Amino acid sequence: MSAHDTVEYAVADGNDYPAHEQTYRNFITLVKWGTGTVIVIVALMAYFLV
1199 MSAHDTVEYA VADGNDYPAH EQTYRNFITL VKWGTGTVIV IVALMAYFLV
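Following this note's numbering, the numbering of the sequence shown begins with 1199 at its first residue and continues without gaps.
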């Protein structure tokens, strides 16, 4: 068996909440646009392929 040392966690200095919030906003925007795009593609497939 291999030796298991203590785990080191890398932590940033402080919390960067504005960066976290901006990342969340970007994620939500991406999900909205992605969902809308899939809906449009499925609607076009239903119209042209059926």
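Just so it is clear, CB atoms sit at the ideal spot from N, CA and C, and this is done for glycine as well.
Since the structure is predicted, the reported quantities are computational estimates derived from the model, not experimental observations.
For the alpha helix (DSSP H) that contains alanine 1244, what are its first and last residues? In the sequence shown, the residue the question calls residue 1244 occupies position 46. Note, alanine 1244: alpha helix (DSSP H), 1215 to 1247.
Quick check: what's the CA-CA separation for alanine 1217 versus valine 1240? Within the sequence shown, the letter at position 19 stands for residue 1217. Within the sequence shown, the letter at position 42 stands for residue 1240. Their Cα atoms are separated by approximately 34 Å.
For asparagine 1213 and glutamate 1206, what's the separation of their Cα atoms in angstroms? Start at 1 with the first residue of the sequence shown, and residue 1213 comes out as number 15. Start at 1 with the first residue of the sequence shown, and residue 1206 comes out as number 8. Approximately 19 Å, taken between the alpha carbons.
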